[in-house]
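These notes are about the structure you will find just below.
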Amino acid sequence: GDVRLWGGRFADGPAEALARLSASVHFDWRLAPYDIAGSRAHARVLHKAELLTAEELTRMLAGLDQLEADVADGSFTGTVADEDVHTALERGLLERLGPDLGGKLRAGRSRNDQVATLFRMYLRDHARIIGGLLTDLQEALTGLAEAHPAVAMPGRTHLQHAQPVLFSHHVLAHVQSLSRDAERLRQWDARTAVSPYGSGALAGSSLGLDPGAVAADLGFEHGSAANSIDGTASRDFAAEFAFVTAMIGVNLSRIAEEIILWNTKEFSFVTLHDAFSTGSSIMPQKKNPDIAELARGKSGRLIGNLTGLLATLKALPLAYNRDLQEDKEPVFDSCDQLEVLLPAFTGMTATLTVNAARMEELAPAGFSLATDIAEWLVKQGVPFRVAHEVAGECVKECESAGIELDQLTDEQFARISPHLTPEVRTVLDVPGALAARNGRGGTSPSAVAVQLAEVKQDLAVQ
Ligand code: ARG
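Heads up: the sequence shown at position 409 corresponds to 1213 in our numbering, and the numbers run straight through without jumps.
Set out below in structure tokens:
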């Protein structure tokens, strides 16, 4: 028989080409459990509105249970002829309950309010999954910082040596951005906890159904949509989800890029565990950071999912338009990508080896303590403009002599400026430079210990 939900006014069935264009079961089938949960809630409000008897409700719920089991074990699946998951599941219900009872569930709902609700439910579940995976990564990075609390490394700006920082401080910087991503997911979830069910096609229902009861039944803490047109036509929840996941991807790509650099022969700051690196099919010596590279690559794809969805929504008139069927694949893909990427990324992070000696060796290189000379001079009463100039002279002298700042002799210092007494040497060592930066958020061991404790506290409650 005809499975379409809209056959009545049509003399002919859909052309094959239309059916193939229109079909979405191959990607919206993952909404099936949510569709069935929505159907249960809908059956209950139909009963509350006296449109289903108690006996009919019992049989309806039993039919939905059976359908759910058949979907779960794969004995019932959608086909191209079903058009979408909602149509397929209605066919499944009709097959199980017969047309008289099965046909009653459509009353007062539309695929427009259904899909908007189920899509929210699906994404809310996956926001929690992704949030949990993100916590795992934050914990792995925090563990890395905690395991190497006092290792100095070259801090960089413009990828050039800038000032020494603690490796733990650098790693915790990444944890901070991921914490904001986790917070964004939680805030998004609270905003998305509103159910469009009951909005019907766009105008609401004339059947006296209770959208608030459906919302509560489906776990939407903030009730039902205030506006049925907005409920069925808005997708900013999906776009925002695509943004948050793209932001996670971009933040991962920044960690990834550093791991790729640190893992090169030239840096040799870290070594990746064999289980989290790959080899080359031709070069036997190769050990490649593919997880980090895939993170870097997938961030582009996550950005594409966001921009593609925004382009679909742009200038779309209210209320529902079929364009909106294009909303799901990009966002489902963002979930899928992060759900395979994050566990691998966390494993790579948790198992990498830190070459502390190499980081410490390079920490003072590249005249990274020049700022400390200038600030020492300021403490002697020299104006910063002059101090900056004098410290610059020191760098110039070192460059032409091929030496580092702490190798300048007392005579060389004195020749550059009478302010540069031998005491300047007290700041020309990395531990001193680090320890001096002990204000909140600074890179001193004591300030980083405070930060680490705060981060661990946040993770414990997240
Ligand atoms: N499958 C559609 C979607 O994902 C929902 C069905 C609404 N279709 C319709 N013709 N009103 O957006």
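Quick reminder that beta carbons are idealized off the backbone N, C-alpha and C, glycines included.
Integer-rounded CB distance, given that residue j should sit under 8 Å from residue i
i       : j       : result
Leu1256 : Thr1247 : Leu1256 to Thr1247, Cβ: 12 Å. No contact.
Gly1002 : Ser1009 : 6 Å
Phe1136 : Phe831  : 7 Å
Ala1205 : Ile1177 : Incorrect: roughly 16 Å between the Cβ atoms, too far for contact.
Asp993  : Ala892  : Not confirmed; about 28 Å, so no contact.
Ala1007 : Ser1028 : With a Cβ gap of about 14 Å, Ala1007 and Ser1028 do not count as contacting.
Glu1227 : Leu1212 : Actually they are not in contact, since the Cβ atoms of Glu1227 and Leu1212 sit about 14 Å apart, beyond 8 Å.
For residue i: DSSP bridge partner residues
i       : result
Thr1082 : Asn1092
Leu957  : Here the sequence assigns Met to residue 957, which means Leu is not the residue at that position. Partner(s): Val969.
Gln758  : Nothing in the structure corresponds to residue 758, since the chain is present only between 805 and 1266.
DSSP state of residue i mapped onto helix, strand, coil
i       : result
Pro818  : coil
Gln1266 : coil
Val1234 : helix
Val1158 : strand
Val1074 : strand
Ser999  : strand
Ser1028 : strand
Trp810  : coil
Arg848  : helix
Leu1098 : helix
Ile1207 : coil
Leu1181 : helix
Leu1114 : helix
Ser1253 : Note on residue identity: the sequence assigns Ala, not Ser, to residue 1253. Three-state DSSP puts Ala1253 in a helix.
His952  : coil
Ala1240 : helix
Lys1200 : helix
Pro1187 : coil
Phe1041 : helix
His1223 : coil
Ser1138 : helix
Cβ-Cβ distance between residue i and residue j below 7 Å
i       : j       : result
Thr921  : Pro1000 : yes
Gln967  : Ser1250 : no
Leu1106 : Ser1138 : yes
Leu1076 : Pro1093 : yes
Ala792  : Leu1056 : Here the chain has residues from 805 to 1266 only, and residue 792 is not among them.
Ser981  : Val1252 : no
Val1234 : Trp1180 : no
Ala1005 : Leu1122 : no
Ala847  : Leu861  : yes
Thr1116 : Glu1130 : yes
Val884  : Ala819  : no
Val969  : Gly959  : yes
His965  : Gly1104 : no
Ala956  : Glu1164 : yes
Phe880  : Asp886  : no
Phe1024 : Val1048 : no
Val1199 : Ala1218 : no
Leu1011 : Gly935  : no
Rounded straight-line distance, which links the Cα of residue j to that of residue i
i       : j       : result
Ala815  : Phe1080 : 60 Å
Ile1220 : Glu1197 : 7 Å
Leu901  : Thr996  : 34 Å
Glu859  : Ile1059 : 59 Å
Asn1109 : Arg1039 : 14 Å
Leu1022 : Val1158 : 47 Å
Thr1153 : Val1144 : 15 Å
Gly1053 : Leu1166 : 30 Å
His851  : Asp940  : 44 Å
Val1018 : Gly1101 : 41 Å
Leu855  : Asp1014 : 12 Å
Gly842  : Phe923  : 11 Å
Ala853  : Arg984  : 44 Å
Glu943  : Leu1263 : 7 Å
Leu1156 : Ile1064 : 12 Å
Gln1261 : Val889  : 43 Å
Arg1244 : Met925  : 41 Å
Glu1044 : Glu1062 : 27 Å
Ala1191 : Gln1141 : 51 Å
Pro1147 : Gly896  : 36 Å
Thr857  : Lys908  : 11 Å
Arg844  : Leu868  : 7 Å
Glu1070 : Leu963  : 14 Å
His1026 : Pro953  : 44 Å
Thr946  : Val1259 : 8 Å
Lys1091 : Pro1168 : 29 Å
Gln1216 : Ala1160 : 32 Å
Arg1241 : Val1186 : 20 Å
Any non-hydrogen atom of ligand 2 within 6 Å of residue i CB
i       : result
Leu1256 : Ligands displayed in this structure: ligand 1; ligand 2 is not among them.
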